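Peer 1: Sequential numbering of the sequence shown, starting at 18, is according to the numbering used here.
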Amino acid sequence: MENKRVYNSLKESFTMLFGVFFVAFGLKGFLLPNGFIDGGVTGISLLLSFLTPFTLPILIFVINIPFFFLAQKQIGKSFAIKTAIGVFILALFLKFIEFPLITHDKLLVAIFGGFFIGTGIGLSVRGGSVLDGTEILSVYLHKKTSFSMGEIVFFLNLIIFSIAAFFLGVEIALYSILTFIIASKTIDFVLQGLEEYKGLTIISDKSKEIRIALIKDLKGVTVYSGQKGNIQNKEEIEILFTVITRLEITKIKSTILLIDPNALIIEQNISEFQGGFIKTRKKHI
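Below, the structure is given as structure tokens:
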């Protein structure tokens, strides 16, 4: 048990370290030499580094300091410490590592700068920390207001990019928004990957046959008891629930509809899944 805990701790630390390196590379190899910004605290730091004599490493660390304390209050001490360490290492990388300038092509800067930053942030989150205080702020404001975390992040970044448009020009601001969008999508990919899970709820008069077919394909199936019909005429039915990856949706739906073309299939997103049969299923083409 102790060895496993040490292994997990080392794995998280190296994952975070790789993430910080990717973010630093994205910033110094793409965004910083071309006058681009990103969203959040990173974007604010980049903007101020262009408009003031302060350097990016100092700005990124100093501006994030209040969010370390907010992270401790809202999420926990361990998370706050990891976040502070991650941001501090990022500042060191930006200060002391000389990354090569990759390109001045604005579109390539937006695409690949966003990709490397998104990859790095995603790996850092997998390592148990964040490198941008606005995510922590969104958690806090979500609890205090009626706005969702997504809405809060959107409004904060809208303000940042509007200021960037005023000081840096509309074109740079638009390319920076593209950078932010690509980074956001890359973060989602790193955190969820291709193996994003889907939950399928199946209601069918042929539930037994469908259940057998799913089990034969090494799918775990949960069976609920339900009723269909109206108040006067009720009929007991089986309601099936299974978890699959999004790569398997077409195949599984085809299997179900071959057995019962009238089956009701309800699909929902599942952000995380552990256990069951999902990791031992056989491959298919």
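Beta carbons are placed, not taken as given, at the ideal position from N, Cα and C, and that holds for glycine.
On a predicted model such as this, the values are computed, not experimentally measured, just so you know.
(1) In whole angstroms, give me the CA-to-CA distance for L124 and G131.
(2) How should Y192 be labelled, buried or exposed, when 16 other C-beta atoms within 10 angstroms of its C-beta is the threshold for buried?
(3) Can you pull the DSSP bridge partners for L63?
(4) Start and end of the alpha helix (DSSP H) containing E188?
(5) Output the distance between the C-alpha atoms of N20 and K28, rounded to the nearest integer angstrom.
(6) Taking one C-beta from the stretch 183 to 199 and one from the stretch 220 to 235 each time, how about it: are there three or more such pairs within less than 8 angstroms?
(7) Can you grab the Cα-Cα spacing for the pair Q209 / K202, in whole Å?
(8) Whose C-beta lies closer than 7 angstroms to the C-beta of T100 among residues of the same chain, with five residues either side of it excluded?
(9) T297 to T262, Cα distance in whole Å?
(10) Which runs of the alpha helix (DSSP H) at least 4 residues long sit entirely within the stretch 68 to 92? Give them in chain order.
(11) Would you identify the three-state DSSP class for V156, choosing helix, strand or coil?
(12) Could you check how far apart the C-beta atoms of N25 and V58 are, in whole angstroms? I think they sit under 8 angstroms.
(13) For a quick check, are the C-beta atoms of A127 and S221 less than 8 angstroms apart?
(14) Could you check what DSSP says for F258 in three-state terms: helix, strand or coil?
(15) Sorted by chain position, which residues of the same chain lie with C-beta nearer than 8 angstroms to A41's C-beta, five sequence neighbours on each side aside?
Peer 2: With the structure as the only source:
(1) Taking the first residue of the sequence shown as 1, we reach residue 124 at position 107. Taking the first residue of the sequence shown as 1, we reach residue 131 at position 114. L124 and G131: Cα-Cα distance of roughly 11 angstroms.
(2) As a position in the sequence shown, residue 192 is number 175, starting the count at 1. By the neighbour-count rule (16 or more Cβ atoms within 10 Å), Y192 is buried.
(3) Locating residue 63 in the sequence shown gives position 46, counting from the first residue. DSSP, once it has assigned bridges, lists no residue as partnering L63.
(4) If you number the sequence shown from 1, residue 188 lands on position 171. Note, E188: alpha helix (DSSP H), V187 to Q209.
(5) For this step, residue 20 is matched to residue 3 along the sequence shown. For this step, residue 28 is matched to residue 11 along the sequence shown. N20 and K28: Cα-Cα distance of roughly 12 angstroms.
(6) Not touching, per the Cβ criterion.
(7) As a working note, residue 209 is residue 192 in the sequence shown. As a working note, residue 202 is residue 185 in the sequence shown. Straight through space, the alpha carbons of K202 and Q209 are spaced by roughly 10 angstroms.
(8) Translated into positions along the sequence shown, residue 100 becomes position 83. Excluding the 5 residues flanking it on each side, T100 has same chain C-beta neighbours closer than 7 angstroms at F85, A88, S146 and V147, in chain order.
(9) As a working mapping, residue 297 is identified with position 280 in the sequence shown. As a working mapping, residue 262 is identified with position 245 in the sequence shown. Low confidence applies to T297: its pLDDT is 43, below 50, so where it sits in the model is not reliable, and the reading given next is rough at best. Each residue's Cα considered, the two are about 13 angstroms apart.
(10) The stretch 68 to 92 contains these whole alpha helix (DSSP H) runs: 73 to 91.
(11) Taking the first residue of the sequence shown as position 1, residue 156 is located at position 139. In the three-state reduction of the DSSP assignment, V156 falls in the helix class.
(12) Numbered from its first residue, the sequence shown carries residue 25 at position 8. Numbered from its first residue, the sequence shown carries residue 58 at position 41. Under the criterion of beta carbons closer than 8 angstroms, N25 and V58 do not qualify as touching, at roughly 28 angstroms.
(13) Along the sequence shown, one-based indexing puts residue 127 at 110. Along the sequence shown, one-based indexing puts residue 221 at 204. No, the Cβ-Cβ distance between A127 and S221 is not below 8 angstroms.
(14) As a first step, residue 258 is located in the sequence shown; it is residue number 241 there, counting from the start. F258: strand per DSSP, three-state reduction.
(15) Translated into the one-based positions of the sequence shown, residue 41 becomes position 24. Correct list, in chain order: L107, F110, L111, I114, F116 and G137.
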